[in-house]
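Let me begin by presenting the structure, written as structure tokens, before commenting on it.
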Amino acid sequence: MQMTAMDKETLHLGGHATEERPVGRSMRRGFLGTCPACGSGKLFRSYVKAVDACAACGERMDHQRADDFPPYIVVTIVGHLVLAGYMMTDMILPLNSWQHLAIWTPITLISSLALLQPIKGAVIGLQWALRMHGFGGQEDAPEDVLPARDPSA
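Here the sequence shown is numbered in this note's numbering, starting from 52 and rising by one per residue.
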């Protein structure tokens, strides 16, 4: 097969064309709580429990594995913002420890709870865009299978 400069086809490795899954769009849709595939169905049935399948397009979401990654991201973001806010407030206003505790504890809790669902949606969108954990159509099996033990060793 000859490829010329006039061909408008995109070359896909593996021999077959696949649908395009832009990472940014998928993560944005997940962040907004919608299906990363179609953008119209709901992604969550409760606070952080993903739906089994999208009601609009039928894309399965039950095999996603966001697990502990979203809380790590939330802790990192909120920790940096709260610490910076605390340090700036401490430089400007002479407050004692109880006043800081009264200010920063509710801000930390509320912002953590507010960010957890959108961050989890973005992680699910990232997994969908990168075809991870069953989103690509193949079984989610480990790729690094160890060889059998040598009985003579």
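All residues carry an ideal CB built from backbone N, CA and C; glycine is no exception.
Within 9 Å, strictly: CB atoms of residue i and residue j
i    : j    : result
V74  : L160 : no
P172 : G92  : A small fix is needed here, since residue 172 is Gly in this sequence, not Pro. No. Outside cutoff.
G185 : R111 : yes
H131 : D141 : no
V125 : L166 : yes
Length of the line joining the Cα atoms of residue i and residue j
i    : j    : result
S163 : I175 : 18 Å
G136 : Y123 : 20 Å
Q209 : A117 : With the chain running from 52 to 204 in the structure shown, residue 209 is simply not present.
P198 : T85  : 42 Å
D119 : G90  : 24 Å
H63  : V99  : Summary for H63: the model assigns pLDDT 46, below 50, so the residue's position carries little reliability, and this model does not support an answer.
M138 : R79  : 31 Å
A101 : E70  : 23 Å
V196 : S203 : 21 Å
P157 : C105 : 34 Å
P145 : R72  : 51 Å
I143 : G109 : 54 Å
N147 : T127 : 26 Å
Inter-residue CB distance, residue i and residue j (contact presumed, cutoff 8 Å)
i    : j    : result
W155 : V133 : 6 Å
Neighbourhood of residue i by C-beta, 8 Å cutoff - its chain only, sequence neighbours within 5 removed
i    : result
G187 : none
H114 : H184, G185, F186 and D191
A107 : C86, C89, S91 and G92
Q168 : G84, F95, Y98 and V99
Chain-order list of residues whose beta-carbon lies under 7 Å from that of residue i (same chain, five-residue window excluded)
i    : result
V129 : T159, S162, S163 and L166
Same chain only: Cβ atoms within 6 Å of residue i, ignoring 5 sequence neighbours per side
i    : result
I170 : P121, I124 and V125
S77  : P87, G176, W179 and A180
D103 : D113
R200 : none
A153 : none
Heavy atom of the ligand MG within 8 Å of residue i beta-carbon
i    : result
G136 : In terms of ligand content, the structure shown is empty, and the ligand MG therefore cannot be addressed.
**Asked** Which parts of the stretch 97-154 are runs of the alpha helix (DSSP H), unbroken and 4 residues or longer, counting only runs that do not cross its ends?
**Response** 120-143
**alpha helix (DSSP H) runs contained entirely in the stretch 64-94, provided each spans 4 or more residues** = 74-82
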